[in-house]
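If you count by my numbering, then the sequence shown holds residues 58 to 167, one letter each, in order.
Even glycine gets a Cβ: it sits at the ideal position worked out from N, Cα and C.
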Amino acid sequence: MIKSELVAKLADANPHLYQRDVERIVSTIFDEITAALATGNRVELRGFGAFSVKHRPARTGRNPRTGDAVEVDAKSVPFFKAGKELRDRLNDGYLPGAGNGSGDTAGDGA
């Protein structure tokens with residue numbers, strides 16, 4: 058799902074809100090998460106997961122084309138860890154197009 062699809066889905070689910078207001082709400086949430094991560098803070102959304110920043114030290118890498126050693130600078134990268142509720146929903150239940158066990162005849166002796 059991309060941001061515009063999220064906005065459209067939220068606007069459909071909340072007909073009392075204008076789409077431009079839903080866009081502003083979604084953008085504000087993403088901007089706040091981004092700003093918190095940029096300052097090194099952790100953002101936790103209960104039941105969904107936590108966003109944090111991982112710091113990777115400088116290292117020596119390899120240029121895949123030439124095989125030469127290349128110095129890679131230290132950097133910070135965003136990291137997401139799924140919450141328990143999200144993991145449980147993914148592992149216990151519904152996965153679109155995965156069959157979800159309906160129509161599975163394995164083990165029934167047929």
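Whole-angstrom C-beta distance between residue j and residue i, which should lie under 8 Å
i: LEU15; j: VAL79; result: This structure gives no information on residue 15, because the portion of the chain shown stretches from 58 to 167.
i: ALA139; j: VAL129; result: In fact, because the Cβ distance is near 28 Å, the residues do not count as touching under 8 Å.
i: LYS92; j: GLU101; result: Here residue 92 turns out to be Ala, not Lys, going by the sequence shown. Wrong, their Cβ atoms sit about 15 Å apart, outside the cutoff.
Residues that DSSP places opposite residue i in a beta bridge
i: GLU101; result: ALA107
When the options are compared against residue i, the one with the closest alpha-carbon
i: PRO135; options: ARG81, ARG99, ASN71, LEU63; result: ARG99
i: LYS60; options: THR85, LEU74, HIS73; result: THR85
i: VAL110; options: ARG81, ASP69, ASP149, ILE90; result: ILE90
Rounded C-alpha distance that separates residue i from residue j
i: SER133; j: HIS112; result: 4 Å
i: PHE87; j: ASP145; result: 25 Å
i: LEU147; j: PHE105; result: 11 Å
i: HIS73; j: ILE82; result: 14 Å
i: VAL64; j: GLY118; result: 40 Å
i: MET58; j: VAL127; result: 36 Å
i: ALA131; j: ASP69; result: 44 Å
i: GLU142; j: ARG103; result: 8 Å
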